[in-house]
Amino acid sequence: MTTAGKLGLISTFGLFLMISCRTTPEPEPLPEPTQEPAPVQWQSLNLRQDSLVLSVGDSPQLAVDLVPESGELPDDPFELVNFTSDNDEVARVDGAGRVTALRPGTVQIHATLSGDGEQVTDEAQDAGEASLTDSVWVVVRDEIQFSNAEARFILIPDKQQDAEHTFWIMDTPVTHTLWQEVYRWAVQDRGDGRREDGGELYSIPSLGRRGNDGAQSKSGLHPVTRVSWRSAAVWMNALTEYYNAVTGSNRQLVYYVDSDEELPLRRATREERIRRDVFISQDNPHVVADADGFRLPRDHEWQSAATFPEGISSMREHAVYRDTSGGSTAEVASRAASLLGIYDLYGNVSEWVFDWHPGYVGDQRALRGGSWNSPGSELRPDSRDFARPYHEDGTHGLRPVRTERLIHPERINVTSESLDLTVGQSQQIEAEVLPRNASDRSLIWSSSNPEVASVTPDGVVRARAAGTTSIRIDAAGPHDVSRRVDVTVRIAVQGLSLQEYSAVLEPGQQLQLAAEIYPREATDTEVDWKSAHPDIVSVDSEGTVTAHSVGTTTITAVTRDGGLDTEFTAVVKLPVFLESGDEPDSTDADFSLVQVPAVQFPAGIDDDLTAEVDYEFWLADTEVTYALWARVRDWARESAGYTIPAAGRRGGYWPDRVATGPDHPVTEVDWVSAMAWMNALTEMYNQVNDADLVPVYYADPDFQQPLGRAANTADAARGGIHVRSRADGFRLPFAEEWELAARYKGADSSGGAMEFPENSGGFWTPGNYASGAVGSVDDHRATREVAVVPGVPGSTEAVRSRSPNPLWLWDMSGNISEWVLLADADGGSSYAPAHRGGSYFDNPSALRVSRVEAEQDENGLFGFTAGLRIARGAADTSPATRVVPDSEQEEPAPEPQPEAADPEQESEPESAQPAQEPQASMPESEPDPASESETVSGPAQPETDDGTIGTLVENYSDIDLELVSAGGFAIGTTEITYGQWRTVYNWAAENGYQIPDEGARHFSAESDDYPVTRVSWRSALVWTNALTEYLNEQYSSSLQPVYYVDADFRTPLRQASNTSRVDTTPGSVDAPHVHPDADGFRLPTAQEWLAAATWGGEQEDWISGADALLDDPQTAAELAVFGTAAPEPAGSRRPNSLGLYDMSGNVDEWVFDWHPAAVNRRRMRRGGSFRNTLTELSLGRAGSAGPGESYHSATGLRVVRSLH
């Protein structure tokens, strides 16, 4: 069997891929791949259509054949094909190859395959250009509809003759029907020697015949014959005047009998004498060179039409002549057309041209194309027949043309005078010939140095090597019109890494960071450095880091080329001293705390959940050692009257296996003793450091009896342990806090780290890894590097024996299992004890950072593995409620904290405070990161003239949604509840919507009547559209959605995603089109919200519903939920004068507007939340957040709709 090619055909979006393969008689087995698949090399690109002949409005699809030479095909090879049009005003083409005809004309459309130079075979490359190109002619016909006949004209670019015009030619010879319609209009006398339109009568001697002598019974679509040259010339003038009368145009007549162009040629005779003694006559009329009326073609014009862009290959398919005619003419267009869509250029009838026959000048006029009676040998482009101007014959006909004056290019516009590219990059130069009505707007492209950058025939520049070159753009034709674009090609930075991604520092210590750029040959290797918190750690332009104060921050390195970035985590630990002394050295600290950032992170065994800690907190860098435990316990028992049941043990071990020391972690500590010890640690710290930290754990709901000081700690535990919200003393970490600290890797992507969120540049330890490990728990070597695991010696080890994790926390996995507090599985308000991290005794799976071991026994399942780690900081996730057991004691309200800042809405400081020297002392507990906030003034109430203000206008009982009238709009009486949100969210998910946030209720919420939170502005927007369509379905109503992706308001906004980038493109989810007349549900504007909140005349420093400025929290609490650890069910407090609940407090509410201090970056929130102080609920204040931020646990929404 010989080698043969096999062809397969694949269709995609109207494009076609032709794949060529080779087979051999005995193929050998392929070797195992050792490198990436070779890129495909392309052999050819071909457009299947040779030309397209269209009417205005047609929109056909181009078809492309791609033939590969070798290599592995890309998933979508057609993405490599680029389509361009020489003149987008005649016909444009989109990226998929669909052509749209816009106005009459003739253009070329090009398809170019652009890719790496290696992807095109040497044979296919043209002058070093890495592209394959094919073109198609697109003809958009100028179609004229008369009463009984149609005339279609095609533009012929008359480039061969270098003439001052192009011309239009009719696509068929003149039919008998068209001849007669014009003839009768021209010669018919209305009775006074004038035409029906009042114009001068014509005298056309030839009556015309339907085809040849034997064709009189045939249709009027046969070409007219027996027309003399004189009659043809006069008829052309008549056609021009008739066209003007029908269309209202003003085309100028071509033929005149005087040189002053005042007497049009309207009369001819049959006189068989040619007047050679008269300069201007019916046989030799004066021709207006610039006239745009209809006329006979010049000899060279006929030849251009017959040969441009190529001649006719088969006369039998295209022509009616002696061998195929059957002795008669045929209907026009009954044979195949030329490439540009012109019929009967050869055969059927011989066509008069204006010129004298070159052999009989002054005597015989020329005819071109041959006729039905011509032998095939005479049908040639250079063949001419001849006859006297008065002669009529059954083979003679005519075809009109009209002039299209050439408008020369004057200049070329480009969008950029220069390009800055990187090797391998391609960029389209947008260039335009001016004026826009230039006859030929095509361009010729060239590069002065193709080895640096080449350019394709359609202006795509491909950067090949570092250096400089220029792209020359010339207007086609003999015109000195050109433009130059300078191109600089550089080697781009493709990667950025650091030699290390984290370090622990002391105040005053410096560290030099070193950035590594890839590739090393990159043109610009400069890196800019920035610290997120310069007051903690600063960095100079050379990457030198200096620690100033305690905390954790990130140093960001950004390449100037490409803006690639990576982060370095700098940890400045907080040393904690339990002995007084003069400026003790930090190395003498009893323990150290590391600041952990507030952030969302992946959670769950399969990393398929998202968790959040929305406040910063502190965590000890080691587990509590026996030495520290014993020291605090002894002080607590001897000096503070504490009862701590557990004595603790020096590490953990199998009996008699190994001895342990005081720097081993303490074990055999039950959870109650752990919490009592944390309270004791808080009080001991206060005494030594003259501080006033507040203990966290209490035996009573009034927070009067700190746990451990109660008469019997065990009895107090059985009665319920209460966790004081916002208390800033030492405590156990919560389960989510522990997992965040265990997983955090910052910008360190090594060791199988997972990126979260996607493309964020933040990396996390996967759930089946030990904390800080570079391999899963099944990788024993990687796990032992960071964790004390089961095996010899079978005991704990001293703290800091293994490597720390990226936050410089030791033993987060292994050594001992650490007590944490875990939320109940039922989502209630209580907490239960649990272990995290695993121990030296557990199997490797227990060391996973995702694993939580719930503890049911208050004394611990394995006392010799249970210990603890110290935490401190914002405790917003710890409500003032019992942890265990499940009794029904009522939850007390926490004390108001007017001095605390809202974690999510913080005002601008009144004045800048002077910088202070860094102190190695305990910092104040930090609230949640604050969003931008400032006083925002609003307009007065909207005007209304109806009498329904404040009355209930709608009640959608299906989802308990009530709205009251506020004049021109109706507004929900309450904030959207979790139950309402989930009902519509679930419906939307089944009906084509994509809402990125499922919504949440506060973890302390006991019903679905609490306001929904953790929804982004984008989710809120899409949800309101879904609410409109849901209620339309439920109530058979016809409310119109408000938000759209198109300016025509045909496609409602139904999808969104919570990316960090803000897209202000009109129609995007961040800037949708808002239907001004829609009556569906939407977010209120800032003006509407403020009008509804101040309906009773409230001032901007009041809260909604108040009749004065309130400074009494107890009175204000009747109107608003504020200064608490959790929201309340929607509508729990007294409404304002419009009947609206929670317009101040409970949860912040999204409004539609951009925040005025962050336009196009952050959307506005109004009303304040349960976390705010009373003064922070003033109606003139507004918070903000990014439109894609969904992690705010105190932000929800309220809906409105317009009343028309």
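Read in order, the letters of the sequence shown are residues 2 to 1205 in the working numbering. Idealized CB from N, CA, C, for every residue including glycine.
query	result
Alpha-carbon spacing of Asp394 relative to Ser229, whole angstroms	8 Å
Candidates Arg381, Trp619, Arg1083 and Thr113, of which the one nearest Trp43 by Cα	Thr113
Test item: CB-CB of Gly328 and Gly348 under 7 Å	no
Close Cβ partners of Asp998 (< 8 Å) along its chain, the five nearest in sequence each way excluded	Arg1015, Val1016, Ser1017, Ser1020, Asn1059 and Ser1191
Classification of Phe280 by the beta-carbon crowding that lies within 10 angstroms, buried from 16 upward	exposed
Beta-carbon proximity of Ile413 to Ser448, cut-off 7 Å	no
Below-7 Å beta-carbon distance, Thr975 vs any chain D residue	Checking the listed chains, one finds no chain D in this structure; it contains a single protein chain.
Residue range of the alpha helix (DSSP H) that includes Ser305	Asp300 to Thr308
Residue closest to Ala150, alpha-carbon to alpha-carbon, out of Thr547, Val1043, Asn285 and Thr176	Thr176
Range covered by the alpha helix (DSSP H) that runs through Arg1	Within the shown structure, residues of the chain are numbered from 2 to 1205, placing residue 1 beyond reach of any answer.
Run of the beta strand (DSSP E) containing Met316, from where it starts to where it stops	It is not in any beta strand (DSSP E) - Met316 instead sits in the alpha helix (DSSP H) that spans Met316 to His319.
The segment 247 to 255 contacting the segment 192 to 211, beta-carbon criterion three pairs below 8 Å	no
Three-state secondary structure assigned by DSSP to Gly377	helix
Neighbour-count burial assignment, Ala290, 16 or more Cβ in a 10 Å radius	exposed
7 Å CB neighbourhood of Gly1189 in its chain, flanking five on each side removed	Ser1017, Arg1019, Asn1059, Thr1060 and Ser1061
Through-space distance from Ala1027 to Pro1, alpha-carbon basis	Lying before the first or after the last residue shown, residue 1 is absent from the chain, which here runs from 2 to 1205.
Spatial distance of Asn450 from Thr470 (CA atoms)	5 Å
Simplified DSSP state of Phe865, which is helix, strand or coil	helix
Bridge-paired residues (DSSP) for Phe578	Beta-bridge pairing links Phe578 to no other residue.
Nearest-angstrom Cα separation, counted from Glu568 out to Val667	35 Å
Rounded C-alpha distance that separates Ala533 from Thr554	6 Å
Per DSSP, cross-strand counterpart(s) of Asn83	Thr113
Host beta strand (DSSP E) of Gly192 (start-end)	No beta strand (DSSP E) holds Gly192; DSSP gives it neither H nor E.
Buried or exposed by the 16-neighbour rule on C-beta atoms within 10 Å, applied to Asn844	exposed
Contact check, Leu266 vs Pro286, beta carbons under 7 Å	yes
Met237 in three-state terms, based on DSSP	helix
Rounded separation between Gly653 and His665 - CA only	8 Å
Cβ-based neighbour list, Ser1203, same chain, cut-off 6 Å, excluding 5 preceding and 5 following	Phe970 and Asp1080
Per DSSP, the bridge partner or partners of Asp421	Thr489
Secondary structure of Ser351, DSSP reduced to three states	strand
Other residues of its chain near Gly939: CB distance less than 7 Å, five sequence neighbours each side excluded	Residue confidence for Gly939 is low, a pLDDT of 31 falling below 50, so the modelled location carries little weight; the figure read from the coordinates is stated next. Closer than 7 Å at the Cβ level, and outside the excluded window around Gly939, lie Ala1087, Gln1088 and Leu1091.
Same chain, Cβ closer than 7 Å to Trp820, neighbours up to 5 away in sequence not counted	Trp672, Ala675, Leu733, Pro834, His836, Ala867 and Leu869
Length-filtered (4 minimum) alpha helix (DSSP H) runs lying within the segment 1071 to 1129	1087 to 1094 and 1114 to 1117
Proximity winner among Tyr361, Gln365, Arg323 and Phe735, relative to Val350 (alpha-carbon distances)	Arg323
Buried versus exposed call for Ala1109 [16 or more other C-beta atoms within 10 Å across all chains shown]	exposed
Sequence-distant residues of its chain with Cβ nearer than 6 Å to Ala754 (five each side left out)	Lys746 and Phe764
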